[in-house]
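Numbering (full-length UniProt numbering), first residue to last: 1 to 113.
Only one structure is covered here, and it is reproduced in the block below.
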């Protein structure tokens, strides 16, 4: 994943079962909402039907950061639906053990006609 805002994932369409975005959707890598949405479009493209997007959101809500509710909304507006949310998960982040939240989403199928 190239966090320079160019967000092109070099994988075939519908070729991946699971995408993990752990410590990714925050100001440092994707400061603008449109950059995060571009990444989510690419994730949607490479995920197989009913594929899993798992997100471990970090660095959210300081003055220049997106808020957790905003990130959830952006994901759901990018044709994913929330499947589960796990609070208090013990994770290693920046060489520290801390509790965090993991949110799992599924790819929503777009029907035409």
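All C-beta atoms, glycine included, are put in the ideal place defined by N, C-alpha and C.
*asked:* By alpha-carbon positions, which one of 81, 9, 29, 72 ends up nearest to residue 51?
replied: For the residues 81, 9, 29, 72, the minimum Cα distance to residue 51 belongs to 81.
*Anticipated Cβ contact below 8 angstroms, residue 105 with residue 53, distance rounded*: 4 angstroms
*Taking only the alpha-carbon atoms, compute the straight-line gap between residue 45 and residue 101 and give it to the nearest angstrom.*
Residue 101 has its alpha-carbon roughly 25 angstroms from the corresponding atom of residue 45.
*asked:* Please list the terminal residues of the continuous alpha helix (DSSP H) segment that includes residue 37.
replied: 33-46
*Report back the beta-carbon spacing between residue 70 and residue 108 to the nearest angstrom; my notes put them in contact at under 8 angstroms.*
Contact flag wrong, Cβ pair sits at about 19 angstroms.
*Would you kindly check if the distance between the Cβ of residue 25 and the Cβ of residue 10 is under 8 angstroms?*
No, they are not a contact pair.
*If you draw a straight line from the alpha carbon of residue 97 to that of residue 111, how long is it in whole angstroms?*
Counting only the Cα atoms, residue 111 lies some 42 angstroms from residue 97.
_Selected residue, minimal CA-CA separation from residue 28, among 75, 58, 90_ = 58
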